[in-house]
Amino acid sequence: MVREAAAPMVDLNTTPLIDVMLVLLIIFMIAAPLMSHKLPLPNQAPGPDPATIPARHEITVEAIGNQVRLTLDGELMSESMLASRLQIAGRMPAKEQAEFRISAAEDVRFETVASLMAMGKRAGVARVGLD
83 MVREAAAPMV DLNTTPLIDV MLVLLIIFMI AAPLMSHKLP LPNQAPGPDP
133 ATIPARHEIT VEAIGNQVRL TLDGELMSES MLASRLQIAG RMPAKEQAEF
183 RISAAEDVRF ETVASLMAMG KRAGVARVGL D
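Heads up: the sequence shown begins at 83 in this note's numbering, then just goes up one per residue.
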């Protein structure tokens, strides 16, 4: 009585895989109706009227030797004149203030641009940026 060696079983047992898939199917069937509920969002007011959008002023900074040349919208001015213009703009409510954009040449020192930005903030200008 010689017994033959049984061949190893090579089939994949798919029963646990089917069980997991059925559990996931039930979970998604329960969760899907819950995800379709929408949250009521408040209607946003339309944007501001283009006529009421504040103006934009361009501050240009150029270095000529050791001196700095400042222009506001193409008008040459000293640092004190620019400071007074910024103070006038800073007295207005923040929503009505114009935006001041600083455009500096490559050879202008960083400290100069930083001092102009600080000057605008000290004057109360809400929006001072760089170009």
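From the three backbone atoms N, C-alpha and C, an ideal C-beta is built for every residue, glycine too.
DSSP, reduced to helix, strand and coil, places V143 within a strand of the structure shown. By the neighbour-count definition (other C-beta atoms within 10 Å, threshold 16), A186 is a buried residue. S197 carries a helical assignment under DSSP once its states are collapsed to helix, strand and coil. Residue burial annotation: V102 is exposed, with fewer than 16 other C-beta atoms found within 10 angstroms of its C-beta. Closest by C-alpha distance to G172, out of L154, T194, V210, is V210. Ranked by how close their Cα comes to the Cα of I184, the residues L104, H139, A88 have H139 in first place. Excluding the 5 residues flanking it on each side, L158 has same chain C-beta neighbours closer than 8 Å at R151, L152, in chain order. For T97, the enclosing alpha helix (DSSP H) stretches over residues 97-117. In the three-state reduction of the DSSP assignment, M159 falls in the strand class.
Here the alpha carbon of M117 sits roughly 50 Å from the alpha carbon of A196. By the criterion of a C-beta distance shorter than 6 Å, L212 is surrounded in its chain by I184, once the five residues flanking it on both sides are discounted.
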